[in-house]
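Presented below is the structure to which this report refers.
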Amino acid sequence: MKRTRIFLRGRAVVSVVSALALAVSAWAADEAKLYREFLQDQTPDKARALVELGAGGVPFVNRALEQGGRPAALCAWALAQHPLPDCAKALHPLLHQVDQVAGYWAAKALGRMPSPENVRALAALLPDERLAFWELSAGGVGRLTDIFSRGQRQSAPAQDWMPNLRVACAAMESLGELGGEEPAKTLLRALDNDQYLIRYGAARGLGRMRQKGRTGVAPVSIFNRLALAAESDAVLVVRLAARQAMTVTQGDAEGRNILTASPVWVPRGRDNGDRRDACPTVPAIAFIKTKHRSAANLGFRDSYFFPLTPKYHSGENLYTLTPPQPDGALKNLTQLQNGEVQGPEVSFDGAKLLFAMRRDKTQDGFHIFEINTDGGGLRQITDGNCNDVDPAYLPDGRIVFCSDRAGYQEYYHQERSRVIYVMNADGSGLEQITFNPNQDYEPLTLSDGRVLYGSYRFYAQDGSEGPLAGEFMGLARIETVLRVANPDGSADNLFYGSMRGSFYSPMRPMPFSDQFAGWHKRGYHVGVSISQARELPDGRLVCVSPAGLTMVDAARVPVDCEAPIYPEVVNLAGGERVYIHPYDEMNPVGRYTTPSPAGGDWILVSHAPWHDLRANGYALYLLNLATREMQLVYDDPQMAEVDPVALVPRVKPAVRVSALAAQRDTGLIYCNSVFNSDLPYDRKAAKFVRVLEAVQMGQSIAANAAFRTRLLGAAPIREDGSFYVEVPADVPVRFELVDDDGKMLVHETEFNSVRPGETKGCVGCHESRQQASANSRPLALDAPPVKALRQRGDLIYMGKPSRPYNALYRE
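Counting in the working numbering, the sequence shown runs from 116 upward without gaps.
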């Protein structure tokens, strides 16, 4: 009997072992199946599921990391959320590969896996050399710069030892997450780096160390270095990061990880009015569904410098969502089958929507419509053979919008130019208020009653190669900036954006922008694109720039007033390089577009994550600009959702009363001193100001030939550098400084205009906006203004002297 019991017990053990083996085999089969499905689908959900298997998923995750490409990037992203220390070794090679998105997430993941090996791998991404990082890649290699040689575009590959700038920034933050003496020493060294993004990552890393109480070196030393950066660093986002790092403390009651917050986060409470952390309660929203999306540096935009006319950020229908959550009630307000809608704007009482629409996109132009938020009361306000878009309510009951009804073509692309108009609520009283020969669009009524708008500016291509004699394309600026004017068009001036940096390379580099040039040689194209500006309750602006979603505080110095919510996008202006194309596949944070205030620090925004580059990848979210917390509002997988607006009442801005003399057809312009300039020209040689008018054309014969230039006259420059002229109202004019022989010394590239009876003055040329003029009356104002008005026989020319289509004649 005893032997039998032993025999039976042995059979039982064998049975249990066999069962376990079968279970393990089945489990491994399930893991292998999940891995195969992941390789086939390559979705973030499958990557996360694979990582969440734990130890059983490690071999498959490592295999995906070693494979590279999208599987590696997705698994690195998943490991940054659910770290598996046994995968750390497979992450190390990604730090040095061309796929910078995979490298970025690998660096983030390693920050969650403490070990000396990971610290060394991350610290190795901070070279001792200057200019030691590459930003873009092409042909499977990192790229430092593109140059032109004999008319050919040539690539200059980065050296093998050079790390990517985005990956290195993530590494600095991860060193702060790991903490300890060696990471602290590395980050202190990084605070002296010549790249602002490295200094930004170092400041945040040191702040995280202070939060966790793991500095590894004397806390006073770290605090003093952060204080120096907070006070004197040349880039705003670095100063903001350093101030955050100084403010956070170990065991901060708010519990906010500094590495998850944006540069505008204030660690200890709120100090600007209606800013708060609590997610706002919005009863309903309106938005647009669309299938139209092109590769764009500004997200849902055309891929060139500005949105083309008239088809841009439009969609198939206008919807409401009540309440704004994934299971809210959806309502189609426009019911179009083959039309398009664009630019929704909520009335001040929250009961109506303005928008642009064309019922048949194959035949109609866009016109302005209004509808009740419940879908009733649809009425058409404008009509005609034109496109009217971007409507906004004015506090006096009128409507401001942009239109191409002016009938002339913009200079560069020969698109029909759009400029800003105002009209009564019924469409009567139509009046043009801006006169840019290129493009103006996206008017926004500010809380002080002024009208902010985007303005596409193409400069220095008429009559001169650059602002200074002898410069070859010295300042060929192509910019979309923000300007502001009264609702009657008076007091029109730059608000933000001009000379923010270059599309390709710094023209005259700021002290902090010692970078490799991109595409063209240093000193070629200068400019930046700013659009989709919206005002927040505290007066700051949120907009979209090449740096992505960006906060702007116009009260600051112009080269020091922007804070990208995700500086990892790299495309920061202010002297740094700015790319005109999106390089979405190199962006680790995704795309953001059409922001709209939702209350406090929260905005509604359209967002497509980095791993979804489909045309329909955009969904609607609530985003906290300070903490970067996001909540999904709505997503139709078959469509892109854009242009969300909250259907809530708004505070009506102040009404500005016009003081223009409508019966006049001229205006006055004076300058305190042309000597107040940053341009290096011979002040003693400047004797006259030549006044030039841009004569717009309804047709053109070639690129860069859509307007002519009329010589209106010349005014003497007084001893103090002042001049005073009378010019035609409602026409674009600009100026040249010339010597006694009429030789050009400075060719001013900006266009200005005056409304009827308006007097406009300036301190100088390229003067600091923080500098007041001398407390004295300009000498030029002691005499009547010099008339620079149209006359029969005026000299008119078209194009540039070097262009074959140049023509000179007298009217």
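Virtual Cβ for every residue (Gly too), placed ideally from N, Cα, C.
It should be emphasised that the depicted structure is a prediction, and the values quoted were computed from it without experimental measurement.
From 213, 180 and 193, pick the residue whose C-alpha is nearest to that of residue 204; which is it?
Position 89 of the sequence shown, counted from the start, is the residue given in the question as residue 204. Of the listed residues, the one whose Cα sits closest to residue 204 is 180.
Taking all protein chains shown into account, do 16 or more other C-beta atoms lie within 10 angstroms of the C-beta of residue 380, making it buried, or fewer, making it exposed?
Within the sequence shown, the letter at position 265 stands for residue 380. Answer is buried; the Cβ neighbour count reaches 16.
From which residue to which residue does the beta strand (DSSP E) around residue 553 run?
Counted from its first residue, the sequence shown places residue 553 at position 438. Note, residue 553: premise wrong, no beta strand (DSSP E); not H, not E.
Taking all protein chains shown into account, decide if residue 873 is buried (16 or more other Cβ within 10 angstroms of its Cβ) or exposed.
Here residue 873 refers to the residue found at position 758 when the sequence shown is read from its first residue. It is buried - the Cβ of residue 873 has at least 16 other Cβ atoms within 10 Å.
Look at the Cβ atom of residue 353, then the Cβ atom of residue 311, and state whether they are nearer than 9 Å.
One-based indexing of the sequence shown puts residue 353 at position 238. One-based indexing of the sequence shown puts residue 311 at position 196. Cβ atoms of residue 353 and residue 311: closer than 9 Å.
CA-to-CA distance, residue 845 to residue 912, given in whole angstroms:
Stepping through the sequence shown from its first residue, residue 912 is reached at position 797. Stepping through the sequence shown from its first residue, residue 845 is reached at position 730. Roughly 20 Å between the two C-alpha positions.
Simplified DSSP state of residue 289, which is helix, strand or coil
Position 174 of the sequence shown, counted from the start, is the residue given in the question as residue 289. Residue 289 falls in the helix class under three-state DSSP.
May I have the straight-line CA-CA distance separating residue 217 from residue 677, to the nearest angstrom?
The count along the sequence shown starts at 1 and reaches residue 217 at position 102. The count along the sequence shown starts at 1 and reaches residue 677 at position 562. The alpha-carbon atoms of residue 217 and residue 677 are separated by roughly 28 Å.
Considering only residues of the same chain and omitting the five flanking positions on each side of residue 167, which have a CB-CB separation below 6 Å?
In the sequence shown, counting from the first residue as 1, residue 167 sits at position 52. Correct list, in chain order: 197.
Run the CB neighbour count on residue 396, radius 10 Å, all protein chains shown included, and call it buried at 16 or more, exposed below.
Counted from its first residue, the sequence shown places residue 396 at position 281. Counting Cβ neighbours within 10 Å, residue 396 comes out exposed, since fewer than 16 surround it.
Taking only the alpha-carbon atoms, compute the straight-line gap between residue 628 and residue 537 and give it to the nearest angstrom.
Looking up residue 628 in the sequence shown gives position 513. Looking up residue 537 in the sequence shown gives position 422. Any reading at residue 628 needs caution, since the residue's pLDDT is 31, under 50, leaving its predicted position unreliable; the model's value is listed next. Roughly 41 Å separates the two Cα atoms.
In DSSP terms, what residue 745 is bridged to:
The sequence position of residue 745 within the sequence shown is 630, counting from 1. Paired residue(s): 738.
For residue 344 and residue 287, the rounded distance between their alpha carbons
By one-based count along the sequence shown, residue 287 stands at place 172. By one-based count along the sequence shown, residue 344 stands at place 229. Rounded to whole angstroms, residue 287 to residue 344 spans 16 Å at the Cα level.
Expressed to the nearest angstrom, what Euclidean distance is found between the alpha-carbon atoms of residue 494 and residue 761?
Mapped onto the sequence shown, residue 494 falls at position 379. Mapped onto the sequence shown, residue 761 falls at position 646. About 21 Å.
Which one or two residues does DSSP pair with residue 781 in a beta bridge?
Against the sequence shown, residue 781 aligns to sequence position 666. According to DSSP, residue 781 bridges with 843.
Which same chain residues, not among the five before or five after residue 399, have their C-beta less than 6 Å away from its C-beta?
Looking up residue 399 in the sequence shown gives position 284. 435, 437 and 762.
May I ask you to list the residues that DSSP assigns as paired with residue 939?
The displayed coordinates of the chain run from 116 to 926. Any statement about residue 939 would go beyond what the structure contains.
Is residue 665 helix, strand or coil by DSSP?
Residue numbering aside, residue 665 sits at position 550 when the sequence shown is read from its first letter. Strand, per DSSP.
Assuming residue 548 contacts residue 535 (C-beta within less than 8 Å), just tell me the rounded distance between them.
Reading the sequence shown from its first residue, position 433 is the one you call residue 548. Reading the sequence shown from its first residue, position 420 is the one you call residue 535. Residue 548 to residue 535, Cβ: 5 Å. Contact.
Does the beta-carbon distance from residue 785 to residue 838 come in below 9 Å?
For the purposes of this step, residue 785 is taken as the residue at position 670 of the sequence shown. For the purposes of this step, residue 838 is taken as the residue at position 723 of the sequence shown. For residue 785 and residue 838, yes; Cβs fall inside 9 Å.
Between which two residues does the beta strand (DSSP E) containing residue 496 stretch?
Reading the sequence shown from its first residue, position 381 is the one you call residue 496. No beta strand (DSSP E) contains residue 496, which DSSP labels as neither H nor E.
Alpha-carbon to alpha-carbon, residue 864 and residue 190
The residue given as residue 190 occupies position 75 in the sequence shown. The residue given as residue 864 occupies position 749 in the sequence shown. One C-alpha to the other measures close to 50 Å.
For residue 227, which residues in the same chain have their Cβ closer than 6 Å to its Cβ, ignoring the five residues on either side in sequence?
Here residue 227 refers to the residue found at position 112 of the sequence shown. Around residue 227: 198.
Reducing DSSP to helix, strand and coil, say where residue 235 ends up.
Start at 1 with the first residue of the sequence shown, and residue 235 comes out as number 120. Correct three-state label for residue 235: helix.
Could you tell me whether the segment 760-780 touches the segment 797-805, using the rule of 3 or more Cβ pairs below 8 Å?
no
Residues near residue 682 by beta carbon distance below 6 Å, same chain, minus five either side
Translated into the one-based positions of the sequence shown, residue 682 becomes position 567. Only 315 and 352 meet the Cβ criterion.
Going by C-alpha to C-alpha distance, which of 842, 877, 828 and 868 sits closest to residue 908?
Along the sequence shown, read from residue 1 onward, the residue named residue 908 stands at position 793. Selected option, being the one with the closest Cα: 828.
Inter-stretch contact at 8 Å, needing at least 3 Cβ pairs: the segment 698-718 / the segment 653-668
yes
Exposed or buried, residue 230, counting other C-beta atoms within 10 Å across all chains shown (16 or more means buried)?
Within the sequence shown, residue 230 is the residue found at index 115, counting from 1. The residue is exposed, with fewer than 16 neighbouring Cβ atoms inside 10 Å.
Does the Cβ of residue 187 have 16 or more other Cβ atoms within 10 Å, making it buried, or fewer, making it exposed?
As a working note, residue 187 is residue 72 in the sequence shown. With 16 or more Cβ atoms within 10 Å of its Cβ, residue 187 is classed as buried.
Residue 182 burial status per 10 Å Cβ neighbour count (16 or more: buried):
On the sequence shown, residue 182 is found 67 positions in, with the first residue counted as 1. Flag for residue 182 reads exposed.
With burial defined as no fewer than 16 other Cβ atoms inside 10 Å of the residue's Cβ, what is the status of residue 858: buried or exposed?
Counting from 1 along the sequence shown, the entry for residue 858 is found at position 743. When all chains shown are included, residue 858 counts as exposed.
For residue 717, does the three-state DSSP call read helix, strand or coil?
For this step, residue 717 is matched to residue 602 along the sequence shown. DSSP places residue 717 in strand when its eight states are reduced to three.
Residue interval of the beta strand (DSSP E) (run including residue 177)
As a working mapping, residue 177 is identified with position 62 in the sequence shown. First-last for residue 177: 173-182, but that is the alpha helix (DSSP H), not the beta strand (DSSP E).
Assign residue 429 to one of two classes, buried (16 or more other C-beta atoms within 10 Å of its C-beta) or exposed (fewer than that).
Position 314 of the sequence shown, counted from the start, is the residue given in the question as residue 429. The residue in question, residue 429, is buried, as its Cβ has 16 or more Cβ neighbours within 10 Å.
May I ask you to check if the CB of residue 250 is nearer than 8 Å to at least one heavy atom of the ligand NAD?
For the ligand NAD, the structure offers nothing, since it holds no ligand at all.
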